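What follows is a set of notes on a single structure, which appears directly below.
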Amino acid sequence: MLMIFSIMLFVMTITLLIMMITSMLAKKSFNDREKNSPFECGFEPKSSARIPFSLHFFLIAMIFLIFDVEITLLMPLLITIKFSKINSISMMVTLFMIILLMGVYHEWNQGTLNWTN
Numbered sequence: 027m028l029m030i031f032s033i034m035l036f037v038m039t040i041t042l043l044i045m046m047i048t049s050m051l052a053k054k055s056f057n058d059r060e061k062n063s064p065f066e067c068g069f070e071p072k073s074s075a076r077i078p079f080s081l082h083f084f085l086i087a088m089i090f091l092i093f094d095v096e097i098t099l100l101m102p103l104l105i106t107i108k109f110s111k112i113n114s115i116s117m118m119v120t121l122f123m124i125i126l127l128m129g130v131y132h133e134w135n136q137g138t139l140n141w142t143n
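Letter by letter, the sequence shown follows residues 27 to 143 of the numbering used here.
This is the structure:
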């Protein structure tokens, strides 16, 4: 088992070194202003593509992803109800829901869910 682990670690290290060396050698040092600008059918850009973005939308998307993954983790519990004791499943679901509600309370308390700011 140790031999397999050491071989895998060696192969991963060699692969990492090869990827790092290739990325350094293949890096372009030539920066063209037009190539770095956004593509607009060959015309000069009318305005900068670097417009300010509201961080609130990003935070809401991250909260949605976190809670969506948590709900996805709850789904297999419905299948395992047949094979487990009801007490253990209900304890797991209760603990999971408490953690989920604590997360929602924390986000609400921090003002992340408030759209009026």
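Ideal placement from N, C-alpha and C gives every residue a C-beta, glycine not left out.
Treat the numbers as computed from the prediction; the structure is a model and nothing was measured.
Do ILE97 and ILE107 have their CB atoms nearer than 8 Å?
no
Tell me whether PRO78 sits in a helix, a strand or coil according to DSSP, three-state version.
coil
Please name the residue, chosen from ALA52, PHE93, LEU91, MET118, that lies closest to LEU104 on a Cα-to-Cα basis.
MET118
Can you give me the Cβ contacts of THR138 inside the same chain, cut-off strictly under 6 Å, excluding the 5 residues immediately before and after it?
LEU85
For the region 83–118, which segments carrying the alpha helix (DSSP H) assignment without a break, of at least 4 residues, lie completely within its bounds, in sequence order?
none
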